[in-house]
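Q: Sharing a structure with you now.
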Amino acid sequence: QKEVEQNSGPLSVPEGAIASLNCTYSDRGSQSFFWYRQYSGKSPELIMFIYSNGDKEDGRFTAQLNKASQYVSLLIRDSQPSDSATYLCAVTGSGGSYIPTFGRGTSLIVHP
Amino acid sequence: DTGVSQDPRHKITKRGQNVTFRCDPISEHNRLYWYRQTLGQGPEFLTYFQNEAQLEKSRLLSDRFSAERPKGSFSTLEIQRTEQGDSAMYLCASSLGSGGQETQYFGPGTRLLVL
Numbered sequence: 071q072k073e074v075e076q077n078s079g080p081l082s083v084p085e086g087a088i089a090s091l092n093c094t095y096s097d098r099g100s101q102s103f104f105w106y107r108q109y110s111g112k113s114p115e116l117i118m119f120i121y122s123n124g125d126k127e128d129g130r131f132t133a134q135l136n137k138a139s140q141y142v143s144l145l146i147r148d149s150q151p152s153d154s155a156t157y158l159c160a161v162t163g164s165g166g167s168y169i170p171t172f173g174r175g176t177s178l179i180v181h182p
Numbered sequence: 182d183t184g185v186s187q188d189p190r191h192k193i194t195k196r197g198q199n200v201t202f203r204c205d206p207i208s209e210h211n212r213l214y215w216y217r218q219t220l221g222q223g224p225e226f227l228t229y230f231q232n233e234a235q236l237e238k239s240r241l242l243s244d245r246f247s248a249e250r251p252k253g254s255f256s257t258l259e260i261q262r263t264e265q266g267d268s269a270m271y272l273c274a275s276s277l278g279s280g281g282q283e284t285q286y287f288g289p290g291t292r293l294l295v296l
């Protein structure tokens, strides 16, 4: 069974700091990796996707993928209180499947 | 508005009643997915359509659940004889499938409470 593991947190960081969110996955054939942000009571909102090993930057967000270690992370620079949310990692692509497996999410709290 | 829409946003029903939810995907998207999410968990896959064809169903989708996408546009998810365990957020997502690297965009969800 495909598994995606995330520490549920909460991860608490001060405003302006770097928040580091981690995700590991069990299926070595996985090909596509996504980070979603979900505010309480709302639906997931796509932040970033990454397909290749290495780093991908978009504004204050950087996704890092290491397929050998089956590990994907999300860094949020200059964290703001508005970044406080649950961050979901999703993994897809194994065996040609388009259906993502989601982790349970990490709760991030950015305090002023 | 070009995003995914869902209706209703909230539904309260009594155990044993039937409920139906609707999802309108982004217009050019050919794939549509239904998920269920409970508190503290990530979304769990229920079923997905490519155009009007229902291609995969999760074992979570019991016989009481049925989904349709009759014309390859909007989709409905029906739950018959609801149970308290069906209380959850039901999420719809759509994507434009191309070569396996696709991104899903979620609707606002329908929150179901079964009393």
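Quick note, the sequences are listed as chains A and B, same order. The opening residue of the first sequence carries number 71 in my numbering; numbering runs sequentially from there. The opening residue of the second sequence carries number 182 in my numbering; numbering runs sequentially from there. No residue lacks a Cβ here, since even glycine has one placed at the ideal position from N, Cα and C.
(1) If you drop the 5 nearest sequence neighbours on each side, which residues of the same chain put their C-beta closer than 6 Å to that of valine 83 (chain A)?
(2) Roughly how many angstroms separate the alpha carbons of leucine 236 (chain B) and threonine 219 (chain B), rounded to a whole number?
(3) Measure the CB-CB distance between threonine 257 (chain B) and valine 200 (chain B) and report whether it falls below 8 Å.
(4) With C-beta atoms as the reference, is leucine 145 (chain A) less than 8 Å away from leucine 81 (chain A)?
(5) Given that a residue counts as buried once 16 or more other Cβ atoms are within 10 Å of its Cβ, and exposed if not, what is lysine 151 (chain A)?
(6) Under 8 Å between C-beta atoms, does glutamine 198 (chain B) make it to chain A?
(7) Taking only the alpha-carbon atoms, compute the straight-line gap between proline 251 (chain B) and glutamate 233 (chain B) and give it to the nearest angstrom.
(8) Counting only Cβ-Cβ distances shorter than 9 Å, please list the residues of the stretch 208-219 of chain B near chain A, keeping chain order.
(9) Glutamine 202 (chain B) versus chain A: which residues are under 9 Å apart at the beta carbon?
(10) In terms of DSSP beta bridges, what is aspartate 205 (chain B) paired with?
(11) Tell me whether tyrosine 229 (chain B) is buried or exposed, calling it buried when 16 or more other Cβ atoms sit within 10 Å of its Cβ.
(12) Quick one, which residues of the stretch 226-239 of chain B are near chain A if we go by CB-CB under 7 Å, in chain order?
(13) For threonine 162 (chain A), does the count of other Cβ atoms within 10 angstroms reach 16, so buried, or fall short, so exposed?
(14) The beta strand (DSSP E) with histidine 191 (chain B) in it runs from where to where?
A: Once the coordinates are examined:
(1) Ala89, Ser149, Val180
(2) 24 Å
(3) no
(4) no
(5) The sequence shown places proline at residue 151 (chain A), rather than the lysine named in the question. With fewer than 16 Cβ atoms within 10 Å of its Cβ, proline 151 (chain A) is classed as exposed.
(6) no
(7) 6 Å
(8) Arg212, Tyr214, Tyr216, Gln218
(9) Here residue 202 (chain B) turns out to be phenylalanine, not glutamine, going by the sequence shown. By Cβ distance, chain A contributes nothing, its closest Cβ being about 13 Å from phenylalanine 202 (chain B), past 9 Å.
(10) B:Ser186
(11) buried
(12) Identification of residues in the stretch 226-239 of chain B having a C-beta nearer than 7 Å to some C-beta of chain A yields Phe226, Tyr229, Glu237, given in sequence order.
(13) Its Cβ being crowded by 16 or more others within 10 Å, threonine 162 (chain A) is buried.
(14) 191-194
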